[in-house]
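**Q** In the working numbering, the protein residues as written are 2 to 423. Beta carbons: idealized from backbone N, C-alpha and C, even for Gly. Computed from a prediction, not measured in an experiment: that's the story for all the values here.
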């Protein structure tokens with residue numbers, strides 16, 4: 002009797018060839034890991050220390066322009082803020098207050114000076130008197146010349162009569178109608194008439210010269226008096242103090258209705274249309290500065306072109322004061338004493354080897370840098386030249402296309418070779 006199928010079953014051995022593939026894959030992975038660790042060990046053995054790439058900044062050496070510049074800070078000041086002074090002693094009366102906006106030619110203050118006003122009137126009266134004397138002298142000269150001309154004309158008539166009388170007596174003497182005595186008297190009368198006519202001619206010429214000379218003297222006196230009156234008139238006009246510019250009254254130097262002496266400051270007017278930026282430049286850069294040197298002035302995130310307008314001739318606290326002015330329109334939003342930043346362009350070097358500016362310059366005073374090749378960085382000696390706001394010139398030690406660590410390398414001071422890891 003058959004109880005089960007045990008007699009019919011055949012025991013088969015399982016196929017195990019798929020396990021060989023697992024073993025082969027495992028061996029390959031193990032060899033790869035061993036090879037990677039061996040390479041890392043070789044790199045680690047050949048370097049002084051390792052650093053992650055994410056912890057450093059790497060830049061490429063290229064050719065381009067390097068602008069040697071200087072960053073400065075300053076404040077906005079008025080380029081033109083004239084101070085107005087009194088021209089004579091008097092009482093000042095202000096028509097404006099500090100902070101008032103004024104226009105050019107506007108009356109700001111009046112100076113009451115009785116002395117100047119009185120002197121002007123006196124000199125004007127003297128001028129009028131001289132002008133009257135000149136008019137009177139002209140009338141007198143004309144009358145005198147008329148008398149001299151009349152005397153000359155009469156002398157010429159007498160001379161003509163004497164000549165005719167002598168001619169008649171000469172004819173009459175031939176027929177012995179007149180005596181020799183009458184003839185000689187006619188000749189004497191002719192000589193006298195000629196003498197009177199000559200003297201009258203000379204007297205008329207002298208009278209003309211005298212009249213011209215007196216007229217010249219009076220004209221010179223009048224001219225001198227006119228200059229004196231014009232100067233006093235100018236001084237009198239300056240008693241009305243007017244604004245020389247469009248701007249704002251900065252400050253009043255005197256109290257209302259105060260008595261002030263001559264040449265005393267009265268008030269200050271600030272020209273709002275001509276702002277400049279006053280900056281302090283380190284003494285070491287003083288020799289590099291020059292007038293009209295280009296600058297860039299930054300205000301509220303906007304850069305405006307400008308130039309150096311003035312340089313102080315003295316050094317104070319190891320700094321030099323310089324004035325920067327806008328070459329284009331002055332920004333409308335700036336105010337006096339506002340703080341602004343500027344950049345003075347000292348030099349522009351073109352088509353030279355350069356690197357982006359980084360902290361590696363301060364790590365070794367710019368004498369060395371780490372050049373990156375693959376996973377390693379090697380310290381090499383370099384020399385840097387002109388230093389700008391964005392780039393620094395590479396004088397020697399590096400070539401175009403090399404990659405250099407430009408971040409802070411002070412922590413690698415004792416290392417010459419670095420291993421760069423992921």
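Quick check on the DSSP output: the beta strand (DSSP E) that includes residue 218 runs from which residue to which?
**A** For this step, residue 218 is matched to residue 217 along the chain shown. Careful: residue 218 lies outside any beta strand (DSSP E), inside the alpha helix (DSSP H) at 181-238.
**Q** With H, G and I counted as helix, E and B as strand and the rest as coil, what does DSSP make of residue 412?
**A** By one-based count along the chain shown, residue 412 stands at place 411. In the structure shown, residue 412 sits in a helix (DSSP, three-state: H, G or I).
**Q** How long is the line joining the alpha carbons of residue 39 and residue 409, rounded to whole angstroms?
**A** Working through the chain shown from its first residue, we reach residue 39 at position 38. Working through the chain shown from its first residue, we reach residue 409 at position 408. For residue 39, the predicted structure reports a pLDDT of 49, less than 50, and the residue's modelled location is therefore unreliable. The matter cannot be settled from this model.
**Q** For residue 362 versus residue 393, is the C-beta spacing smaller than 8 Å?
**A** Against the chain shown, residue 362 aligns to sequence position 361. Against the chain shown, residue 393 aligns to sequence position 392. Taking 8 Å as the Cβ cut-off, residue 362 and residue 393 qualify as a contacting pair.
**Q** Please identify the residue among 331, 212, 387, 314 whose C-alpha is closest to the C-alpha of residue 143.
**A** Looking up residue 143 in the chain shown gives position 142. Measuring from the Cα of residue 143, the nearest candidate turns out to be 212.
**Q** In the segment 354-394, which residue ranges form an unbroken alpha helix (DSSP H) of at least 4 residues, counting only runs that do not cross its ends?
**A** Counting whole runs of 4 or more residues, the segment 354-394 contains the alpha helix (DSSP H) stretches 361-364.
**Q** Mind checking which residues open and close the beta strand (DSSP E) that includes residue 68?
**A** As a position in the chain shown, residue 68 is number 67, starting the count at 1. Taken as a continuous stretch (DSSP letters only), the beta strand (DSSP E) holding residue 68 covers 63-79.
**Q** Distance check for residue 302 and residue 311, CA to CA, integer angstroms please.
**A** Stepping through the chain shown from its first residue, residue 311 is reached at position 310. Stepping through the chain shown from its first residue, residue 302 is reached at position 301. Approximately 25 Å between the Cα atoms of the pair.
**Q** Let's test the definition: count the other Cβ atoms within 10 Å of the Cβ of residue 405 and tell me whether it reaches 16, buried, or not, exposed.
**A** Residue numbering aside, residue 405 sits at position 404 when the chain shown is read from its first letter. The residue is buried, with at least 16 neighbouring Cβ atoms inside 10 Å.
**Q** Are there three or more Cβ pairs, one per stretch, closer than 8 Å when the segment 312-321 is compared with the segment 247-260?
**A** The answer is no - the segment 247-260 does not touch the segment 312-321, with fewer than three Cβ pairs under 8 Å.
**Q** For the segment 335-343 against the segment 72-88, are there 3 or more C-beta pairs whose distance is under 8 Å?
**A** Contact holds: three or more Cβ-Cβ distances are below 8 Å.
**Q** Out of 108, 282, 145, which one is the CA nearest neighbour of residue 321?
**A** The count along the chain shown starts at 1 and reaches residue 321 at position 320. Closest by alpha carbon: 282.
**Q** Suppose contacts are defined by Cβ-Cβ distances below 8 Å. Is residue 371 in contact with residue 380 by that definition?
**A** Translated into the one-based positions of the chain shown, residue 371 becomes position 370. Translated into the one-based positions of the chain shown, residue 380 becomes position 379. Yes. Within cutoff.
**Q** Would you decide whether residue 149 is buried or exposed? Buried here means 16 or more other CB atoms lie within 10 Å of its CB.
**A** Taking the chain shown and counting its residues from 1, the one referred to as residue 149 is at position 148. It counts as buried.
**Q** So what does residue 102 bridge to, in DSSP terms?
**A** Taking the first residue of the chain shown as position 1, residue 102 is located at position 101. DSSP lists 249 as partners of residue 102.
**Q** Express the C-alpha separation of residue 181 and residue 165 in angstroms, rounding to a whole number.
**A** The count along the chain shown starts at 1 and reaches residue 165 at position 164. The count along the chain shown starts at 1 and reaches residue 181 at position 180. Taking the straight line from one Cα to the other gives about 17 Å.
**Q** So, are the CB atoms of residue 221 and residue 131 less than 8 Å apart?
**A** Mapped onto the chain shown, residue 221 falls at position 220. Mapped onto the chain shown, residue 131 falls at position 130. Cβ distance not < 8 Å, so residue 221 and residue 131 don't count as in contact.
**Q** I believe residue 401 touches residue 356 by the beta-carbon criterion, under 8 Å. Please report the beta-carbon distance rounded to the nearest angstrom.
**A** What you label residue 401 is simply residue 400 of the chain shown in a count that begins at 1. What you label residue 356 is simply residue 355 of the chain shown in a count that begins at 1. Incorrect: roughly 11 Å between the Cβ atoms, too far for contact.
**Q** Which whole-angstrom value is the C-beta distance of residue 90 and residue 349, which I expect to be below 8 Å?
**A** Your numbering for residue 90 matches position 89 in the chain shown. Your numbering for residue 349 matches position 348 in the chain shown. So it is not a contact: roughly 58 Å between Cβ atoms.
**Q** Who does residue 50 pair with in a DSSP beta bridge?
**A** As a position in the chain shown, residue 50 is number 49, starting the count at 1. In DSSP, residue 50 forms a bridge with 419.
**Q** Using the C-alpha atoms, what's the distance from residue 399 back to residue 279?
**A** Sequence index remark: in the chain shown, residue 279 carries index 278 (1-based). Sequence index remark: in the chain shown, residue 399 carries index 398 (1-based). Distance between the alpha carbons of residue 279 and residue 399: 40 Å.
**Q** When the Cα of residue 418 is compared with those of 49, 31, 216, 56, which residue comes out closest?
**A** Here residue 418 refers to the residue found at position 417 when the chain shown is read from its first residue. Of 49, 31, 216, 56, the residue nearest in Cα terms is 49.
**Q** May I have the straight-line CA-CA distance separating residue 229 from residue 307, to the nearest angstrom?
**A** In the chain shown, counting from the first residue as 1, residue 229 sits at position 228. In the chain shown, counting from the first residue as 1, residue 307 sits at position 306. Each residue's Cα considered, the two are about 47 Å apart.
**Q** Where does residue 263 fall in DSSP's three states?
**A** Reading the chain shown from its first residue, position 262 is the one you call residue 263. It is coil, neither helix nor strand.
**Q** By DSSP, does residue 140 sit in helix, in strand, or in coil?
**A** Position 139 of the chain shown, counted from the start, is the residue given in the question as residue 140. Reduced to three states, the DSSP call for residue 140 is helix.
**Q** For residue 97, list the residues DSSP reports as bridge partners.
**A** What you label residue 97 is simply residue 96 of the chain shown in a count that begins at 1. Residue 97 pairs with nothing; no bridge assigned.
**Q** Work out the CA separation of residue 291 and residue 251 for me, nearest whole Å.
**A** The sequence position of residue 251 within the chain shown is 250, counting from 1. The sequence position of residue 291 within the chain shown is 290, counting from 1. Each residue's Cα considered, the two are about 31 Å apart.
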